[in-house]
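Down below is the structure, laid out as structure tokens.
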Amino acid sequence: MPTVSMTVNGKSVSADVENRTLLVHFLREKLALTGTHVGCDTSQCGACVVHIDGKSAKSCTILAVQAEGAQVTTIEGLAKNGELHPMQAAFKENHGLQCGFCTPGMVMSAVDLVKNNANPSEQEIRDWLEGNICRCTGYHNIVKAIAAGAKAMGR
Amino acid sequence: MSEKGIGSSVRRSEDQRFLTGKGHYVDDMNRPGQAHAAFVRSPHAHARVKMVDTSAARKAPGVIAIFTGSDVAADKLGGLICGWTVKDKNGDPHKAPAHPILAYDKVRYVGDHVAVVIAETQAQARDAAEKVDVDYEVLPANIDTAKAMKGAVVHDDAPGNLCYDWELGDRAAVDGIIKSAHHVTRIDLVNNRLIPNAIEPRAAIGEYDSGSGHYTCYSTSQNPHVLRLILCAFIMGVPEHKMRVISPDVGGGFGSKIFCYAEEVVCTWAAKKIDRPVKWTADRSESFLSDAHGRDHVTHAELAMDKEGKFLALKVETIANMGAYLSTFATCVPTYLYATLLAGQYTTPIIFANVKAVFTNTAPVDAYRGAGRPEATYVIERIVECAAREMKMDPVELRRRNFIKPDQFPYQTPVALQYDSGNYGQALDAALKMSDYSGFKSRQAEAAKRGKLRGIGVSAYIEACGIAPSAVVGSLGAGVGLWESAQIRLNPTGSCQILTGSHSHGQSHETTFAQVVHEHLGIPYDSIEVVHGDTALVPFGMGTYGSRSIAVGGSAIVRAADKIIEKGKKIAAHLLEASVDDITFKGGEYRVAGTDKVKTIGEIAFAAYVPHNYPAGVEPGLDETAFYDPANFTYPAGIHICEVEIDPDTGRTVIVNWTAIDDFGKVINPLIVEGQVHGGVAQGIGQALLEGCVYDNDSGQLVTGSYMDYCMPRADDLPSLKVGMTETPCPHNPLGVKGCGEAGAIAAPPAIINAITDALGVMHLDMPATPEKVWRIAQQNRPAAAAE
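Just so you know, the protein sequences line up as chains D and W, in that order. Per the working numbering, the very first residue in the first sequence carries number 12; after that it's consecutive. Per the working numbering, the very first residue in the second sequence carries number 371; after that it's consecutive.
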């Protein structure tokens, strides 16, 4: 079994994995970072979105060994010193989550959107979320939350 | 109103953990020593199982055990049950063929569970499952709902594939009125089959403690006590006190997680067999194949009217697909949750419904968000729309003319239900205003200049929530009571836990229920915690489905709070040296009426647990339980208006305006209620525009078996929604609440199809209104459209 090493949420981590182990399973099973979820097996739902070297990526679509040496941020690494990231706070304020299962992927995806587009329009937000499926909210409040989160991140 | 009390948009207590990745879903849990299960599933829709050869799989790395149907039979496990007995038109009970935990003689749908492989890791279990060699004799598959009664026989003990042939009302009387009526509108429609697709796949962990003889089942269940009852009393023969079911955070359900499935039975049973915890988590492909599906009706309906458009009689004949086996509550969905709603918001004096439930070689079909009520609303609101067009009447005016009027409540419908309260005209007026209905013609003309077809559609829906009372549902065949429990446990320092038999899997009970107790007991909101989802912690409860949690579970909480208040009065009277009759309670304070002598509920709780100075004959402690069995269903209702624009060149439909006016009675938390409407509407839009479960009619293969093929609504498919409310309180529960979880999914589909058919100038098209279907109609109509 190969050994894989990377930095996750600022901490150096290392573990033996099977060649076929996906990054999401590495995070969930080896590191007990269970905030990153698996909702499908075709890279459609986006519940597993994390940041790899600063960019959002579906952690079910990359092998753990491919992330060798990478800087990975998961939903557990977003809040700093016990304070919610502005995007997390915006999801709470705007009731942008219900069952919470898609939420980590939504938030991680939204943060990456705003990094690239500081003031996204409603349509740009909706288009960006093509790769994230939510079954509870109808996206209405997610879209509102991301717009509000973008404003807050700009402050 | 307190800023955290009833009516306030309190931000949710549950969000902190979900937003920081600290939720605890079943798949997040791992038990010491656990093994992993993978299921061998039938690749055929219908086949005889001639032999299951597990020898190669047993040699695969990490394999601990393999069980097949014969192991299940040897241990005398019962089959999966259907908990609602529907009697057919002759009074005979529905056909209930055996539904084995693991198939042994035949498989009856693609995905049917044949064997389970248990191994050290999930990957090893899945690898070994591939090596189980099953010899199938493939049989003809029976797939098509409309033709099911003439297709291959699915169960020998259900001739003609008929589960039941059920009737409600007087067929001859309705036929007589239809024969002589001024006008009769007729419609044939399909309510398309859907796959619920909660984003969290189902999962289970079974555990057995050989020292105590206790089982534990962690399950993604909407109703852990109901699951425990079925597991123990009907399948495993284990006493209920030896089984604990835990449903922790659950990632959406929409009905699909009400039911008892084979996988959780197998994990729990196998945990004892191998003396280790056994975990299973569905992948999405398994979810598509094996979660209970929803809807799947084929219907013919006839509406008779006089020359003013007054509805005289309605006749509805439906074939409802049950799938290959009966799921837990499958039988009641197209009967008591469907035909009883066919009056809608209207005064139609006489209604007849016939429902034939059929078996096919498809996954079991059961309750999915709305469960029967979306199907009923779709029939009514489509036929009313068609009637208006045929009669050349304004569809809004036709609806208004037939509405039950506010002074007619309580209103006895001809289909058993008695509506308790409502004001349908008020909701209609509000919706017309919010949607600028009167300005539609000019918007339509403007769109035409851009080459777009613009249409508008109205849907007037009603639903029956909080299914009850228990005696009534029992008389209709329910195998359970439909009450709810609540326990309010004050702690010595004045904080409190609400233990509820309801279960939240997105509905926000932890916030809403805390608001109710904060309002009633005056305990600070932040000192209240809601506990649910564990049979070892909470009183026996019936769980969450049918928009019942606030109407039934919330009412139980109020009853428990009332008991706390009453007991506290006795303690306060003693401490304040007054008569119990002179003690008032308000805002968390016990007061001797007309004086400044006060004890807070916190002080009373402390006295109850440290009873040094305490009234004689009163038990220590401040911890009260209530069970609430409602007097009637609740009847949320409302008007949704959809406006669409269609591009005739591409067939793409864009929803440009959505208006929802709902009457949910009293609203505890408007922000949360609006969120429930949004989600329901999105699922309704999904049904109308995007989603449709497709099985190949010959092979029975599930064609729409992944998110590549089953079109889930994405953010860019949906519009922003305008949501408003009217309020006629429910008169028979203490909160005046009606329930809101399913309304959007019920209201939305006919509003959209009414709008699309309005835009296209046709009477009907079946859901989902895909670009292909819409484009074909737009092309056929092109010359006419151009001439306008």
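C-beta atoms are modelled at their ideal positions from N, C-alpha and C, and glycine is treated no differently.
- Exclusion of the five residues before and after N143(D) leaves G57, G116, M117, S120 as the residues of its chain whose Cβ lies within less than 6 Å of its Cβ.
- Comparing alpha-carbon positions, the option among R418(W), G1106(W), A801(W), G1054(W) lying closest to P1120(W) turns out to be G1054(W).
- Partner residues in the beta bridge of P463(W), as assigned by DSSP, are K457(W).
- Residue contact check for Q77(D) against chain W: no CB pair falls below 8 Å.
- By DSSP's assignment, K649(W) forms a beta bridge with H406(W), I575(W).
- Taking G453(W) as reference, the option from D441(W), H469(W), T438(W), K459(W) with the minimal CA-CA separation is H469(W).
- In terms of beta-carbon proximity, F883(W) stays away from the interface with chain D, with every pair separated by 8 Å or more.
- By DSSP's assignment, V887(W) forms no beta bridge with any residue.
- Following the DSSP letters along the chain, one finds G795(W) inside the alpha helix (DSSP H) bounded by residues 794 to 804.
- Using a C-beta cut-off of 8 Å, the region 705 to 716 of chain W makes contact with the region 771 to 786 of chain W, since at least three inter-stretch Cβ pairs fall below that distance.
- At a beta-carbon threshold of 8 Å, none of the residues of chain D lie near M1137(W); the nearest stands roughly 18 Å away.
- The continuous stretches of alpha helix (DSSP H) do not include R1022(W), which lies in the beta strand (DSSP E) extending over residues 1022 to 1033.
- Note on T14(D): under 16 other CB atoms within 10 angstroms of its CB, so exposed under the neighbour-count rule.
- Per the coordinates, the alpha-carbon of E854(W) lies some 34 Å from the alpha-carbon of T47(D).
- For the region 374 to 405 of chain W, the set of residues with a beta-carbon nearer than 9 Å to any beta-carbon of chain D comprises S379, R381, R382, E384, D385, Q386, R387, F388, L389, T390, G391, K392, G393, H394, Y395, D397, D398, M399, N400, in chain order.
- Distance between I720(W) and A1139(W), taken at the CA atoms: about 32 Å.
- When beta bridges are read from the DSSP output, L823(W) appears opposite I1016(W).
- Per the coordinates, the alpha-carbon of A489(W) lies some 25 Å from the alpha-carbon of K420(W).
- Judged by DSSP secondary structure, Y979(W) falls within the alpha helix (DSSP H) whose first and last residues are 971 to 979.
- The C-beta of V980(W) has fewer than 16 other C-beta atoms within 10 Å across all chains shown, which makes the residue exposed.
- The beta carbon of F37(D) does not come within 8 Å of any beta carbon belonging to chain W, so the residue lies off that interface.
- In this structure, S872(W) lies near T914(W), with their beta-carbon atoms less than 8 Å apart.
- With a 10 Å radius around the Cβ and a threshold of 16 neighbouring Cβ atoms, H890(W) comes out buried.
- Taking CB atoms only, L140(D) has a neighbour in chain W less than 8 Å away.
- Using a Cβ distance threshold of 8 Å, E994(W) and G1050(W) do not count as a contacting pair.
- Just measuring C-alpha positions, the residue of L846(W), T717(W), E507(W), V396(W) sitting nearest Y474(W) is E507(W).
- Taking 3 residues as the shortest admissible run, the region 851 to 933 of chain W contains the following complete beta strand (DSSP E) segments, listed from N- to C-terminal end: 854 to 860, 866 to 870, 898 to 901.
- C835(W) is bridged by DSSP to T1004(W).
- Per the coordinates, the alpha-carbon of A163(D) lies some 13 Å from the alpha-carbon of N105(D).
- Taking S1069(W) as reference, the option from P402(W), R478(W), S383(W) with the minimal CA-CA separation is R478(W).
- For K22(D), no Cβ of chain W is located within less than 8 Å of the residue's own Cβ.
- In this structure, G693(W) lies away from P566(W), with their beta-carbon atoms at least 8 Å apart.
- Nearest neighbour of F409(W) by Cα position, chosen from I1042(W), K677(W), A930(W), V635(W), turns out to be V635(W).
- If only complete runs of 3 or more residues are kept, the region 1042 to 1130 of chain W shows the beta strand (DSSP E) at 1092 to 1096, in order along the chain.
- For the region 1079 to 1102 of chain W, the beta-carbon criterion of a distance under 7 Å to any beta-carbon of chain D is satisfied by M1082, R1084, A1085, D1086, L1088, S1090, L1091.
- H888(W) is classed as buried because its beta carbon has at least 16 other beta carbons within 10 Å across all chains shown.
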